[in-house]
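Student:
2 protein chains.
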Amino acid sequence: MARTTGSDGEKTEAAVREAAVSLIARLGYEAMSMRQLAAEVGVQAAALYRYFPTKEDLLFTLMREHMEGLIEAWNAARPVVADPATRLAAYVENHIAFHIERRHSTHVSNMELRSLSHDRLTQILKLRTTYEKELRAILRDGAEAGVFDVEDTGLTAMALIQMMTGVIVWFRPGERLSISEVTATYLSMTMRLVGAKAHGATTSYSAGRANDAVAL
Amino acid sequence: MARTTGSDGEKTEAAVREAAVSLIARLGYEAMSMRQLAAEVGVQAAALYRYFPTKEDLLFTLMREHMEGLIEAWNAARPVVADPATRLAAYVENHIAFHIERRHSTHVSNMELRSLSHDRLTQILKLRTTYEKELRAILRDGAEAGVFDVEDTGLTAMALIQMMTGVIVWFRPGERLSISEVTATYLSMTMRLVGAKAHGATTSYSAGRANDAVAL
DNA sequence: GAATTAATTGAACGTTCGTTTTATTATTGC
DNA sequence: GCAATAATAAAACGAACGTTCAATTAATTC
Chain A
1 MARTTGSDGE
11 KTEAAVREAA
21 VSLIARLGYE
31 AMSMRQLAAE
41 VGVQAAALYR
51 YFPTKEDLLF
61 TLMREHMEGL
71 IEAWNAARPV
81 VADPATRLAA
91 YVENHIAFHI
101 ERRHSTHVSN
111 MELRSLSHDR
121 LTQILKLRTT
131 YEKELRAILR
141 DGAEAGVFDV
151 EDTGLTAMAL
161 IQMMTGVIVW
171 FRPGERLSIS
181 EVTATYLSMT
191 MRLVGAKAHG
201 ATTSYSAGRA
211 NDAVAL
Chain B
1 MARTTGSDGE
11 KTEAAVREAA
21 VSLIARLGYE
31 AMSMRQLAAE
41 VGVQAAALYR
51 YFPTKEDLLF
61 TLMREHMEGL
71 IEAWNAARPV
81 VADPATRLAA
91 YVENHIAFHI
101 ERRHSTHVSN
111 MELRSLSHDR
121 LTQILKLRTT
131 YEKELRAILR
141 DGAEAGVFDV
151 EDTGLTAMAL
161 IQMMTGVIVW
171 FRPGERLSIS
181 EVTATYLSMT
191 MRLVGAKAHG
201 ATTSYSAGRA
211 NDAVAL
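Those protein sequence lines, which keep their order, are chains A and B. Letter 147 of the first sequence, counting from 1, is numbered 147 in the UniProt record's numbering, and no numbers are missing. Letter 22 of the second sequence, counting from 1, is numbered 22 in the UniProt record's numbering, and no numbers are missing.
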């Protein structure tokens, strides 16, 4: 056999990306074989090489686009001029929304870094640093303005990002908590963690919810 | 060739465990080959099968012992009777100390869960839940006693654990911050996050440090 | 010091891996 | 409708994988 009826390069490539993100997130990059991926797409393994020259190229493409998407989402969501607390709230909301929406590619981008070549790892880490610097700047501004109580900007930024990203480990849509409930709780935890002085909009985010256990 | 002079089963097994933790943490379980591990130990691949019947048995053993060690460490460190804030402080200190000390095995236990069979995954998750329940109990007690301000016990516990465990991602001993400085900062962030009412020993943990960027 | 047991090697097994090559068919442009 | 191009299948490549087995030597036991 050869070219199949109705075959379309763009559609196949999109299907490959989608299946790859899902498979790598579930099985891990090393554990996923190209034949497995091809089967998921409904194509022979050789066909994958028309779109991605190597398996690692595929991984790198998925990761780069994830990171670029994250930065773009923040650039679209960031307040132009605002006080640090409002900016921090926007950062938290954007971060959680993006990561819940793109759970699988987040998993891939966070877990499979060690499968990249040195050069490509550097590129991804550069994008990650770009994104994280935004949070550090907010924390620094808030600390300097005296509206945050932050001991160590860098450490606090890392702690917050780990905390927020961790949401994808246990959160499942449609279970006990809605996205907005989770976001609200993380927002109030964040504001307390950075010692935000309660003034106006900031405190309104901490809409209460009852104590309860979280599903694993 | 056959048995080598000075060969000792106990020593070889210990060397295998040590090398395996290090290699799996660096390369990932799937990416590490048994031949690579054997070479690191200075032995042929076949010799490994005297100690671990399969590669997955090796992984499971490393993970189980890590989790059991974590629970044992907490049982040894936990205050018998104490107020929630003191218990929480002990939990945070034990968690960070243990995870910094056992970075590699923490990495393995957190990242390679998907390589376990269903049964073994269940066993590891059970140990994990046992450990996490301790934190939830502390938070619940604190909330009920009115010394913590926690919206959602389960969610807060997950957030705290993610935040604290994340320390192994960026912390390197001997760099900018000492272990005790990191612990102190995380402790004060934790206390603020749970809204601990400042009384006595609790606040003394937040010894100040200057703002600065954290090295990646 | 002979018999037993412990520890390891070296070679091999069948499988699967990522990838390449070649041929073949569908689609597109004129 | 014919040439050019796009998209795929089928088969094969060598390499690497986890694992097994038989042989061999060191250490221990009596």
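Just so you know, even glycine gets a beta-carbon here, dropped at the ideal spot from N, CA and C.
(1) What number of angstroms, rounded off, separates the C-alpha of Ala201(B) from the C-alpha of Val150(B)?
(2) Classify Val80(A): buried if its beta carbon has 16 or more other beta carbons within 10 angstroms, exposed otherwise.
(3) Can you tell me where the alpha helix (DSSP H) holding Asp119(B) begins and where it ends?
(4) Need the endpoints of the alpha helix (DSSP H) that Pro84(B) sits in, please.
(5) For Glu144(B) and Met63(A), what's the separation of their Cα atoms in angstroms?
(6) In whole angstroms, give me the CA-to-CA distance for Gln36(A) and Asp8(B).
(7) Less than 7 Å between the beta carbons of Ile100(A) and Ile161(A), yes or no?
(8) For Asp152(B), is the classification buried or exposed, using 16 other Cβ atoms within 10 angstroms of its Cβ as the cut-off for buried?
(9) Can you find the residues in the same chain that come closer than 7 Å, C-beta to C-beta, to Leu113(A), ignoring five residues on each side of it along the sequence?
(10) Does Ala31(A) come out as helix, strand or coil in the three-state DSSP assignment?
(11) Quick check: the Cα distance between Leu116(B) and Ser109(B), rounded to an integer number of angstroms?
(12) Suppose only complete runs of 4+ residues qualify. What are the alpha helix (DSSP H) ranges in the segment 41 to 82 of chain A, listed by chain order?
(13) Taking the straight line between their C-alpha atoms, what separation do you get for Leu70(B) and Pro53(A)?
(14) How far does the alpha helix (DSSP H) with Arg3(A) in it extend, from its first residue to its last?
(15) Quick check: is the beta carbon of residue 245(B) nearer than 7 Å to any beta carbon in chain A?
(16) Out of curiosity, what's the CA-to-CA distance linking Val16(B) and Val194(B)?
(17) Output, in sequence order along the chain, the residues in the segment 176 to 190 of chain B whose CB is closer than 9 Å to any CB in chain A.
(18) Measuring straight from C-alpha to C-alpha, what distance separates Arg3(B) and Ile168(B)?
(19) Check whether the Cβ of Met163(A) lies closer than 7 Å to any Cβ atom in chain B.
(20) Among Thr183(B), Asp119(B), Ala45(B) and Lys197(B), which one has its Cα closest to the Cα of Met34(B)?
Tutor: For this structure:
(1) Per-residue confidence for Ala201(B) stands at a pLDDT of 45, beneath the threshold of 50, marking its modelled position as unreliable; no derived number is given.
(2) exposed
(3) His118 to Ala145
(4) Pro84 to Glu101
(5) 44 Å
(6) So the alpha carbons of these two residues sit roughly 42 Å apart.
(7) no
(8) buried
(9) Leu121 and Ile124
(10) coil
(11) 11 Å
(12) 45 to 48 and 55 to 77
(13) Rounded to whole angstroms, the separation of the alpha carbons of Pro53(A) and Leu70(B) is 44 Å.
(14) It is not in any alpha helix (DSSP H) - Arg3(A) carries neither H nor E in the DSSP assignment.
(15) Because chain B is modelled from 1 through 216, residue 245(B) falls outside the range shown and cannot be assessed.
(16) 42 Å
(17) Arg176, Leu177, Glu181, Val182, Ala184, Thr185, Tyr186, Ser188, Met189 and Thr190
(18) 40 Å
(19) yes
(20) Ala45(B)
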